[in-house]
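Peer 1:
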Amino acid sequence: MKQKIVMQIPMNSSKHRTKAMKIAAVANGVSSVGIEGTDKVVVIGDEVDLVKLARCLKKEFGHVMLVSVEEKKKEDDKKKKEEKELEYWSNYCFHRYQPPPVYEAIYTPSQPTCSIL
């Protein structure tokens with residue numbers, strides 16, 4: 001699941017912005033990093049560990065504030081709709097028949113079980 005994470009960091013110069021982007025880009029699961037406004041870092045990725053990322057940024061800048069965390073669902077919804085349509089047509093066109101049952105003799109007595117006769 002893709003996440004969009006926005007964090008507010010006190011950045012005074014372009015050097016600080018570059019450092020923040022480098023730290024965020026190295027984190028596991030991050031696919032893209034951007035700057036929004038003058039003090040917000042936007043991170044997009046799959047299963048990004050927010051706590052580790054915040055700790056790394058806090059070591060460098062001293063203060064990190066989490067603004068928002070959102071899921072990216074737009075692409076997934078389109079794929080799911082296409083998959084549902086494909087499943088419908090594949091089940092409609094192809095008929096699957098069950099194989100005929102196989103009967104086997106399980107118990108064949110060699111002597112009669114009734115001793116009275």
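Under UniProt numbering, think of the first position of the sequence shown as 1, with each following residue one higher. Even glycine gets a Cβ: it sits at the ideal position worked out from N, Cα and C.
(1) Assign SER14 to one of two classes, buried (16 or more other C-beta atoms within 10 Å of its C-beta) or exposed (fewer than that).
(2) MET7 and VAL64 - do their beta-carbons sit closer together than 8 Å?
(3) Classify TRP89 as helix, strand or coil using the three-state DSSP reduction.
(4) Could you tell me which residues DSSP puts in a beta bridge with GLU70?
(5) Name the DSSP beta bridge partners of ASP46, please?
(6) Return the CA-CA distance between GLU71 and ASN12, expressed in angstroms with no decimal places.
(7) How would you call ALA25, buried or exposed, if buried means at least 16 neighbouring beta carbons within 10 angstroms?
(8) Buried or exposed: which applies to GLY37, given that a residue is buried once 16 or more other Cβ atoms fall within 10 Å of its Cβ?
Peer 2: Result, derived from the coordinates:
(1) exposed
(2) yes
(3) Note that TRP89 scores a pLDDT of 44, beneath 50, so its modelled location is shaky; the value from the coordinates is reported in the next line. The answer is helix: DSSP assigns TRP89 an H, G or I state.
(4) LYS4
(5) LYS2
(6) 30 Å
(7) exposed
(8) exposed
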